[in-house]
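**Q** One structure is given below, represented as structure tokens, and several questions about it will come after.
2 protein chains.
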Amino acid sequence: MKRQPSTRIVIADDHPLFRGALRQAVSTALEGADVSEVGSLEALTEALDTGGDADLVLLDLTMPGVQGFSGLLFLRADHPEVPVIVVSANDEPSVIRRCIEFGALGFLPKTADVEQMGEAIRAVLEGTVWTPPGIDLNAPVDAETATMVRNLSTLTPQQVRVLMMLSEGLLNKQIAYELGVSEATVKAHVSAILTKLDVDSRTQAVIAAAKIAGTAWATTGASATL
Amino acid sequence: MKRQPSTRIVIADDHPLFRGALRQAVSTALEGADVSEVGSLEALTEALDTGGDADLVLLDLTMPGVQGFSGLLFLRADHPEVPVIVVSANDEPSVIRRCIEFGALGFLPKTADVEQMGEAIRAVLEGTVWTPPGIDLNAPVDAETATMVRNLSTLTPQQVRVLMMLSEGLLNKQIAYELGVSEATVKAHVSAILTKLDVDSRTQAVIAAAKIAGTAWATTGASATL
DNA sequence: GAGCAATTCCGACGAATGGCGAAACCGGAC
DNA sequence: GTCCGGTTTCGCCATTCGTCGGAATTGCTC
Chain V
87 MKRQPSTRIV IADDHPLFRG ALRQAVSTAL EGADVSEVGS LEALTEALDT
137 GGDADLVLLD LTMPGVQGFS GLLFLRADHP EVPVIVVSAN DEPSVIRRCI
187 EFGALGFLPK TADVEQMGEA IRAVLEGTVW TPPGIDLNAP VDAETATMVR
237 NLSTLTPQQV RVLMMLSEGL LNKQIAYELG VSEATVKAHV SAILTKLDVD
287 SRTQAVIAAA KIAGTAWATT GASATL
Chain A
87 MKRQPSTRIV IADDHPLFRG ALRQAVSTAL EGADVSEVGS LEALTEALDT
137 GGDADLVLLD LTMPGVQGFS GLLFLRADHP EVPVIVVSAN DEPSVIRRCI
187 EFGALGFLPK TADVEQMGEA IRAVLEGTVW TPPGIDLNAP VDAETATMVR
237 NLSTLTPQQV RVLMMLSEGL LNKQIAYELG VSEATVKAHV SAILTKLDVD
287 SRTQAVIAAA KIAGTAWATT GASATL
């Protein structure tokens, strides 16, 4: 909306080189934009919390700490108003469609040229959904998955956090410690998650989440010793 | 070893048409072979239990009830001596390598011609590992995964069954009912599984198992390509 | 036969899990 | 302002989970 004064754009990617390339592309496409770079999800949320909501976030799907769609899911839950363009090396149609389902306004393959980047950025800033040509967003979606995606969307930010930790195999107690809240609170969130995902146990919740997010959901903690 | 009298071959595939095609290919490649067909894992285990161990099993990875590598894992645990050739439409190198790691002696893409099938069958009957040309079995394997594969191999047949049910989100009580044993027994198996997989909870065990088997462990193939 | 591993079961214990109702705080929407 | 939803917390309770020690059975190998 407020493009004239200074459009604030945040680039979230763990690869410094690619961040630089993105920044250059953004600058070219949008003169006078206020571009910041972050290398992790934590840094991204911090940037959004402190500096006020950005006008656009360019988000890499695979970042340290969160892989798969959890990063997008989390960002969407935490800052529903911020437009997001997903930037990923994986440009399979199913992935692209999933990103849009999870609330991204655009998808940019890492192979895209400056031309396309500018096109995508301008489109999304105007509120339009942009995907690479040839992507059919209305392609038949497996009903089961669609239901799960809808269920996942109803989760609150904190619940998304808890679900991610459940998916790392953490105990309620550990989650409570990590989030700095009491175990009772974690239980409340877990109960809410189970209800919303329509499952009966934390294990089933993890299975359901893994089914959506693909294999690379969690990276840290318990699985380190496997 | 006992090829001359009557080589016993079992074809396990849920698609009758493809079973027929396989049977024909086998007959052509190996005259006088005793070929049986089964359409499910249960039928396969029953055939192996009643009719005595076969000389070769042609196993489709995706069968009703068990998908992903669990079928292979289960078969290997139940009948370690029976040579197995995995037959699958998915011919990605990573999948092929994983099959061999789990003890299959061969891998046959569904696109293979009669020529190749015969070659593979003869090779495996002689105890040689056969894969499609161009597959490097010594490709660098991520150490974490390798450890897990080794751990999974130490599971007993019943434990594999239990782990599969854990991965479906079943309670100990439900598993006990399904297997026709007491809950105490299931607990004993779960404890053994946790020890062998070096994890602390059933949830972590499920996460670990899912990480190995890829996504196609449970019911639907969410992200066949990653 | 002895030894061994897998499978089966038991009882009991403590910890973890999950549901219930209730309450308080806070930020945004009407 | 009030209302609503998200977050936080509590206590209580039943169930489930996982461990420990012990034990009987089968089938295999040496």
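Protein chains in written order, with the working numbering: chain V, 87 to 312; chain A, 87 to 312. Just so it is clear, CB atoms sit at the ideal spot from N, CA and C, and this is done for glycine as well.
(1) Starting from Asp177(V), trace the alpha helix (DSSP H) in both directions and tell me its first and last residue.
(2) Given a threshold of 16 other Cβ atoms within 10 Å of its Cβ, counted over all protein chains shown, does Gly154(V) qualify as buried or as exposed?
(3) Our contact map puts Arg105(V) next to Ile95(V) with C-beta atoms below 8 Å; I'd like the distance itself, whole angstroms only.
(4) So within the stretch 185 to 248 of chain A, which uninterrupted alpha helix (DSSP H) runs reach at least 4 residues, ignoring any that extend past its ends?
(5) Report, in whole angstroms, the separation of the C-beta atoms of Lys313(A) and Met234(A), which I expect to be a contact under 8 Å.
(6) Drop a sphere of 10 angstroms on the beta-carbon of Arg236(A), count the other beta-carbons inside from all chains shown, and report buried for 16 or more, exposed for fewer.
(7) Could you list the residues in the stretch 278 to 297 of chain A with a C-beta less than 8 Å from some C-beta on chain V, going in chain order?
(8) List, in chain order, every chain A residue whose beta-carbon is nearer than 8 Å to that of Gly157(V).
(9) Would you mind sorting Ala229(V) into buried or exposed? The rule is 16 or more other CB atoms within 10 Å of its CB.
(10) Using a Cβ-Cβ distance cut-off of 7 Å, determine whether Gly255(A) contacts chain V.
(11) Taking the Cβ atom as the reference point for each residue, do Leu134(A) and His101(A) lie within a distance shorter than 7 Å?
(12) In or out: Asn224(A) buried (at least 16 other Cβ within 10 Å) or exposed?
(13) Going by CA-CA distance only, name the one from Pro218(A), Ser277(A), Ile279(A), Ser287(A) that's closest to Lys196(A).
(14) Indicate, with yes or no, if the ligand FAD has a heavy atom lying under 6 Å from the CB of Gly118(A).
(15) Is the distance from the Cβ of Val292(V) to the Cβ of His275(V) below 7 Å?
(16) Going along the chain, which residues of its own chain have a beta-carbon closer than 7 Å to the beta-carbon of Val121(A), five neighbours each way excluded?
(17) What residue range is occupied by the uninterrupted alpha helix (DSSP H) comprising Ser156(V)?
(18) Let me check one thing: in DSSP terms, what residues is Leu35(V) bridge-paired to?
(19) Within this structure, are the beta carbons of Ile171(A) and Gly192(A) separated by less than 7 Å?
(20) CB-CB under 6 Å to Trp216(A), same chain, minus the five flanking residues each way: which ones, in chain order?
(21) Taking the alpha-carbon positions, what's the Asn258(A) to Ser180(A) distance?
(22) Note down the Cα distance separating Ser174(V) from Cys185(V), rounded to an integer number of angstroms.
(23) So, using beta-carbon positions, are Val246(V) and Phe188(V) closer together than 7 Å?
**A** So, from the data block:
(1) Taken as a continuous stretch (DSSP letters only), Asp177(V) belongs to no alpha helix (DSSP H), as it is neither H nor E.
(2) buried
(3) Arg105(V) to Ile95(V), Cβ: 12 Å. No contact.
(4) 200 to 211, 229 to 239
(5) Any answer about residue 313(A) is impossible in this case: the structure gives chain A only from 87 up to 312.
(6) exposed
(7) Leu283, Asp284, Val285, Asp286, Ser287, Arg288, Thr289, Gln290, Val292, Ile293, Ala294, Ala296, Lys297
(8) Simply none; closest approach about 16 Å.
(9) exposed
(10) yes
(11) no
(12) exposed
(13) Pro218(A)
(14) Ligands displayed in this structure: none; no statement on the ligand FAD is therefore possible.
(15) no
(16) Ile95, Ile97, Arg109, Val112, Ser113
(17) 156 to 164
(18) Any question about residue 35(V) goes unanswered here, given that chain V covers just 87 to 312.
(19) yes
(20) Gly192, Ala206, Ala209, Val210
(21) 33 Å
(22) 10 Å
(23) no
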